[in-house]
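The block underneath contains the structure these notes are about, expressed in structure tokens.
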Amino acid sequence: MSKLFLIPTPIGNLKDITFRAVEILGSVDLVLAEDTRQTKKLLNHYNISTPLQSHHMFNEHKSVESICSKILGGQTIALVSDAGTPGISDPGFLLVRTCIENEIPVETLPGPTALIPALVNSGLPSDRFCFEGFLPPKKGRNKRMTGLADETRTMIFYESPFRLVKTLTELAIYLGPDRSASVSRELSKMFEENIRGTLSFLAEYYTNKPPKGEIVIVVTGKKD
Ligand code: SAM
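Note that the numbering used here gives residue 226 to position 174 of the sequence shown, counting from 1, and the numbers run on in steps of one.
See below:
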């Protein structure tokens with residue numbers, strides 16, 4: 053039966069892909085990719101020649117209906133993002149929702165995503181956590197931080213290297229400078245780095261050593 057697969061892809065190390073993900077990418081009729089050139093490199097690495105079609109935040113609203121029609125017409129389609137799990141700070145939600153509305157089966161494979169290794173590596177409580185994705189850069193930013201001041205679960209944020217110091221500094225103001233936190237940079241890549249300490253320590257550390265690469269911030273929740 054035709055369906056939509058969501059396939060997680062490596063967040064750095066090309067070996068971080070499951071046997072099943074490789075098998076499905078090679079057997080579907082079409083792979084939808086955020087950046088077809090990026091995904092082409094992955095498919096070439098695994099000798100997969102499945103046709104690719106671009107699917108990203110700028111065209112997904114227009115294309116979801118035609119993708120659903122293709123699946124209803126008998127095709128099986130896989131969605132990937134540039135890295136990690138589709139739908140996690142990446143396109144996916146809209147297509148999944150539209151497929152469900154059209155009674156199309158949806159299957160998401162377990163696999164790479166940046167938030168889980170960052171959380172587990174942080175050494176902060178991982179029994180209850182919330183994923184906050186990217187904080188809004190401007191509008192709604194202060195409101196979001198105010199709302200997190202009383203959050204008791206461990207919080208996970210995605211951040212760009214250019215905004216890391218600003219975000220750590222502001223989190224120290226809203227949540228308190230002594231809150232324990234962790235910054236994971238370049239997970240699964242050659243220069244992976246995990247720095248742990250208070251929010252004020254981390255803000256100072258990265259002020260003195262401006263970061264590069266991809267970043268996850270993990271912050272412990274407020275004590276009950
Ligand atoms: N879909 C992806 C996932 O499942 O994690 C997230 C995509 S989002 C557009 C990209 C952000 O994820 C980066 O800015 C960074 O915050 C985080 N990220 C992705 N790869 C990472 C890595 N190797 N190390 C640290 N953070 C990473």
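Glycine included, each C-beta is placed from N, C-alpha and C at the ideal position.
Since the model is a prediction, treat every value here as computed from it, not as a measurement.
Rounded straight-line distance, which links the Cα of residue j to that of residue i
| i | j | result |
| --- | --- | --- |
| I247 | I119 | 43 Å |
| L227 | I100 | 47 Å |
| E155 | G78 | 25 Å |
| P169 | I69 | 15 Å |
| I208 | T88 | 29 Å |
| I140 | L176 | 21 Å |
| S232 | C182 | 16 Å |
| S240 | I269 | 16 Å |
| S252 | I225 | 9 Å |
| A166 | I63 | 7 Å |
| M242 | P263 | 15 Å |
| L223 | G144 | 29 Å |
| I59 | N173 | 24 Å |
N-terminal and C-terminal residue of the alpha helix (DSSP H) that residue i is part of
| i | result |
| --- | --- |
| R231 | That residue, R231, is in no alpha helix (DSSP H); it is neither H nor E in DSSP. |
| S115 | E112 to L124 |
| A135 | That residue, A135, is in no alpha helix (DSSP H); it is neither H nor E in DSSP. |
| F214 | Careful: F214 lies outside any alpha helix (DSSP H) and carries neither H nor E. |
| L66 | From DSSP, L66 is part of no alpha helix (DSSP H); its letter is neither H nor E. |
| S174 | L167 to S174 |
Unbroken beta strand (DSSP E) run spanning residue i, endpoints
| i | result |
| --- | --- |
| F209 | T206 to E211 |
| N246 | E245 to T250 |
| E184 | F181 to F186 |
| E159 | V158 to T160 |
| I267 | I267 to V271 |
Where residue i falls: helix, strand or coil (DSSP)
| i | result |
| --- | --- |
| I225 | helix |
| R237 | strand |
| I76 | helix |
| G192 | coil |
| A85 | strand |
| Q105 | strand |
| L58 | strand |
| A201 | coil |
| I100 | coil |
Residue environment, residue i, which counts as buried when at least 16 other CB atoms sit within 10 Å
| i | result |
| --- | --- |
| G199 | exposed |
| D276 | exposed |
| I267 | buried |
| D230 | exposed |
| H97 | exposed |
| R72 | exposed |
| F57 | buried |
Rounded distance between the beta-carbons of residue j and residue i, thought under 8 Å
| i | j | result |
| --- | --- | --- |
| T206 | G136 | Actually they are not in contact, since the Cβ atoms of T206 and G136 sit about 19 Å apart, beyond 8 Å. |
| L161 | E112 | Not really, about 20 Å apart at Cβ, beyond 8 Å. |
| Q105 | L131 | Wrong, their Cβ atoms sit about 10 Å apart, outside the cutoff. |
| I152 | K55 | Actually they do not touch by this definition, with Cβ atoms about 12 Å apart. |
Closer than 8 Å to chain C by CB, residue i
| i | result |
| --- | --- |
| L56 | In the structure shown, chain C cannot be found, because there is only a single protein chain. |
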